[in-house]
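Numbering (the working numbering), first residue to last: 2 to 312.
Each residue gets a CB set at the ideal place from its N, CA and C atoms; glycine is no exception.
Computed from a predicted model, the values in this text were never measured in an experiment.
Please read the structure below before turning to the comments.
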Amino acid sequence: MQHFLSLFDISPDDLQLILRTAGVVKKKLAAGDRPNILKNQVIALLFEKPSLRTRVSFEAGMAQLGGESLFLGSDVGWGKREAPSDFTNVLGQFVDAVVCRAKQHAKVELLASFDAMPVINGLTDLCHPCQALADILTIEEVFGSYVGKHLVFVGDGNNVAQSLALICAMLKMRFTLACPDGYEMDSDWMAKLRAAYPNAEIESVRDPAAAVKTADAIYTDVWTSMGQEAEMVARRQAFADFQLNKTLLAAAPSSARVLHCLPAVRGEEITDEVIDGDQSVIVRQAGNRMHAQKGLLVWLLGRDWIAKNVV
Ligand code: CP
Ligand code: NVA
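Have a look at this one:
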């Protein structure tokens, strides 16, 4: 069964097909055409953490494709009321796929292990693959192509950065992480990435101003992710020199564009003038969550349509 727990679950060819499908479906929507590709199909959204973008973009996207979605909060008792196998096998009787936002990546792996329905990762501590799809779609739209582009991530080398490093490797893009000591990407993740993509152009540096000099896209994320609130004070200190502000942006080419997965802590990892400035594409990027995920949903649940409509 095909799952989407991380971008390791798909090949570069699959990835490009998902992105092309997203582009075709997005163009149709702009022309007023909402093909019912997933008519009568139902997805569940099983979320252990808050969400605006991921939740609403999946719900709206599924509705636009003619399908339905069910939001499942804590009252379904995942991991609490019954054995994981019972929970998952029963859920699989009702829905065609589940999008899961979990505190630990191992929990989405457990959910997928029963092969009761395709499982889509809607963010874990390890990675955020749906976000990375939208980010590349945005870079492609803004620059006309993602080929040869340099993405510089200034901030914490955790879930969002890890998915971006991998998607850049899959698309032969250059990826630089500028982070303080101790906030590198996970070593197991990087070992797996380098084994799968030995030619990946990935570097980790300490000087954000030097890193952004050749950037096409400059990306940042919160210093304190959901679940890390106890570390907030230490993180504010560690990341103090890694704020995406006017001075840092001035060190980049004027053609560089600013991305952020959102939600942002304005005044912390990014300043108002940068997030609201001319080089920022964050709103378009957030909107692309829906378009990218429609591509993913059609790829998972509507493969026949792709064969006829996407070249
Ligand atoms: N970027 C993102 O995943 O946003 P939400 O937490 O609002 O879903
Ligand atoms: N790194 C952030 C991303 C939120 C979309 C977090 O995990 O909270």
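Legend entry - Proximal residues to E141 (C-beta, below 6 Å), its chain only, five neighbours per side dropped: Y147
Legend entry - K104 and K50 closer than 9 Å at C-beta: yes
Inset, instruction - Could you name the residues that DSSP lists as bridge partners for Y220? - result: Answer by DSSP bridge pairing, in chain order: F154 and L260.
Inset, instruction - Decide if V161 is buried, meaning its Cβ has at least 16 other Cβ atoms within 10 Å, or exposed. - result: buried
Legend entry - Start-to-end residues for the alpha helix (DSSP H) that takes in I283: I283 to L302
Inset, instruction - List the residues that DSSP assigns as beta-bridge partners of F72. - result: L46
Inset, instruction - Provide the residue span of the alpha helix (DSSP H) that contains F88, from first to last. - result: P85 to F95
Inset, instruction - In angstroms with no decimal places, state the Cα-to-Cα distance between V77 and F48. - result: 10 Å
Legend entry - Residues that R102 bridges to, as DSSP identifies them: F48
Legend entry - Where F5 sits in the DSSP three-state scheme: strand
Inset, instruction - Check whether the Cβ of N1 sits closer than 8 Å to any heavy atom of the ligand NVA, and report yes or no. - result: Lying before the first or after the last residue shown, residue 1 is absent from the chain, which here runs from 2 to 312.
Legend entry - S205: CB within 8 Å of a non-hydrogen atom of the ligand FMN: The ligand FMN is not among the ligands present in this structure, which contains only the ligand CP and the ligand NVA.
Legend entry - Nearest to G158 (by Cα), restricted to the options W224, L71, Q286 and E110: W224
Legend entry - Nearest to N37 (by Cα), restricted to the options V26, Q294, L73 and H129: V26
Inset, instruction - Pull up the distance between the alpha-carbon of N122 and that of L8, whole angstroms please. - result: 10 Å
Legend entry - Identity of the residue in W300, F144 and G156 nearest R237 by Cα: It is G156 whose Cα lies nearest to the Cα of R237.
Legend entry - G123 CB to nearest heavy atom of the ligand CP below 8 Å: Yes, since a heavy atom of the ligand CP falls inside the 8 Å radius drawn around the Cβ of G123.
Legend entry - Assigned secondary structure, R267 (DSSP; H/G/I helix, E/B strand, else coil): strand
Inset, instruction - Note down the Cα distance separating A253 from F176, rounded to an integer number of angstroms. - result: 15 Å
Inset, instruction - Kindly indicate the opening and closing residues of the beta strand (DSSP E) around N122. - result: V120 to N122
Inset, instruction - In the DSSP assignment, find the alpha helix (DSSP H) that holds L250 and state where it starts and stops. - result: Segment K247 to A251, the alpha helix (DSSP H) holding L250.
Legend entry - Residues of its chain near A133, where Cβ-Cβ distance is below 7 Å and the 5 sequence neighbours each way are ignored: L8, S164, L165 and I168
Inset, instruction - Count the other CB atoms, across all protein chains shown, that sit within 10 Å of the CB of T248; report buried if there are 16 or more and exposed otherwise. - result: exposed
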